[in-house]
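If you count by our numbering, then the sequence shown holds residues 9 to 302, one letter each, in order. Each remark here refers to the structure printed beneath this line.
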Amino acid sequence: MKSMSEMKSGKTDSKQTTELARIQEDEERFKSLFSRHNLRSTWRKIRREVRSHSIRDVLDFLDWAVSIEATLPDIQTDILSGRYTPTSPSRYESAKTKGAYRAITVLNIRDALILRVISDRALELALPNKVQGAFFSRRHQVTPVGNTFTLEDDPSLRFFPIWLRYQEYRTRTLLNKPSDVLVVTDISNYFDSIAHELLMEYLAPLGLPRKAVGTLGRILETVKPPAGHSPNPRIGIPVDEFDCSRQLAHIFLFEHDKRIVKEVGEDSYVRWMDDQNVRAASKSGARKIVNLLT
């Protein structure tokens, strides 16, 4: 029979073997995430999307396009070896309604490429948890939710004017079924208020490689919104035009979406980034929804 010490030693060896296998698997997933094929594919997405940016490189990063095959191996080596260091970005102000403005972060193209690789993969892993009416970009599928409204067969109704108004309602709210009471709200300073530690906690169950999450943290630490002369805590993610932060901020609200849908139903809730439309049966029901959102 084996002695107690031999049995404990066997269990320890088994745990160590399992842990080493897990670490090795995580390392392989990290290498696969930052393969040259994946980096090249992400670069092509960025190159196409830059045409719609408010401020853009006059030649759409022609220097990058010409030298990309020579540049990608260097980026891959820096990432996999741990030598990669994010660069401080520049920023400009974009006008909003009522005299307000939004600070847009202009990422270094290398940082944008790496951040987009991570955010694309995070969104891909998180999509099974998305509710039907949550959207963040019109480049992706945007379809109004719920059953389509049908007019009663009444000759007194003018079909075409009502149809036009209904289509405008669907476009504005992304809801199919009209409602007498609609809760319309958004989250104040949403991007600036996301805590990095909490974001990483939300991303952890998705199965991203550990080093990818660490790299994301380093990038966010460098490109987060400034806090003037005050200490700059690990809070806030930048508003960039490559959809990187939008994807991360989108994932961050999936748990919130599920909580609201559980109360009102999936056909009554739409979220466009941090703007939310919720159908209510009555004004008292709308007040309950506002309390729930709060």
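For each residue, glycine too, the CB sits at the ideal point set by N, CA and C.
Ends of the beta strand (DSSP E) at LEU190? Along the sequence shown, one-based indexing puts residue 190 at 182. 189-194 is the span of the beta strand (DSSP E), which, as asked, contains LEU190.
Hey, how far is the Cα of ARG48 from the Cα of ILE31? Translated into positions along the sequence shown, residue 48 becomes position 40. Translated into positions along the sequence shown, residue 31 becomes position 23. Rounded to whole angstroms, ARG48 to ILE31 spans 26 angstroms at the Cα level.
Just to confirm the assignment, what range does the alpha helix (DSSP H) spanning TYR210 have? By one-based count along the sequence shown, residue 210 stands at place 202. Element bounds for TYR210: 204-211.
State the start and end residues of the unbroken alpha helix (DSSP H) segment that holds ARG52. Numbered from 1 along the sequence shown, position 44 holds the residue referred to as residue 52. Element bounds for ARG52: 44-57.
Suppose the cutoff is 8 angstroms on Cβ atoms and the five residues either side in sequence are ignored; what does the same chain contact list for GLU101 look like? Residue 101 sits at position 93 when you count from the first residue of the sequence shown. Only TYR109, ARG110, ALA111, ILE112 meet the Cβ criterion.
Would you say the beta carbon of GLU57 is closer than 7 angstroms to some non-hydrogen atom of the ligand HEM? Within the structure as shown, the ligand HEM is missing, as the structure has no ligands at all.
Measuring alpha carbon to alpha carbon, tell me which residue in GLU229, VAL189, ILE63 is nearest SER276. Translated into the one-based positions of the sequence shown, residue 276 becomes position 268. Taking only the C-alpha atoms, the option nearest SER276 is VAL189.
Given SER145, which residues of its chain have a CB within under 7 angstroms of its CB, disregarding the five upstream and five downstream residues? If you number the sequence shown from 1, residue 145 lands on position 137. Closer than 7 angstroms at the Cβ level, and outside the excluded window around SER145, lie ASP251, ARG254.
Kindly list the residues whose CB is nearer than 8 angstroms to the CB of ASN240, restricted to its own chain and excluding five residues on each side of it in sequence; keep chain order. Sequence index remark: in the sequence shown, residue 240 carries index 232 (1-based). Taken in chain order, the residues that qualify are LYS232, PRO234.
Would you kindly report the start and end of the unbroken beta strand (DSSP E) that includes THR113? For this step, residue 113 is matched to residue 105 along the sequence shown. Unbroken beta strand (DSSP E) run through THR113: 109-114.
Going by the beta-carbon positions, is the gap between ARG55 and PHE42 smaller than 8 angstroms? Along the sequence shown, read from residue 1 onward, the residue named residue 55 stands at position 47. Along the sequence shown, read from residue 1 onward, the residue named residue 42 stands at position 34. Not in contact: ARG55 and PHE42 (Cβ atoms no closer than 8 angstroms).
Three-way DSSP call (helix, strand, coil) for GLU249 in this model: Here residue 249 is taken as the residue at index 241 of the sequence shown, counted from 1. In the structure shown, GLU249 sits in coil (DSSP, three-state: anything other than H, G, I, E or B).
Mark ALA257 as exposed unless 16 or more other C-beta atoms lie within 10 angstroms of its C-beta, in which case mark it buried. What you label residue 257 is simply residue 249 of the sequence shown in a count that begins at 1. The residue in question, ALA257, is buried, as its Cβ has 16 or more Cβ neighbours within 10 Å.
Am I right that PHE143 and ARG267 are in contact with their C-beta atoms under 8 angstroms? What's the rounded C-beta distance? Residue mapping note: residue 143 aligns to position 135 of the sequence shown, counting from 1. Residue mapping note: residue 267 aligns to position 259 of the sequence shown, counting from 1. With a Cβ gap of about 18 angstroms, PHE143 and ARG267 do not count as contacting.
Using DSSP bridges, identify the partner residues of SER290. Here residue 290 refers to the residue found at position 282 of the sequence shown. None; SER290 has no bridge partner.
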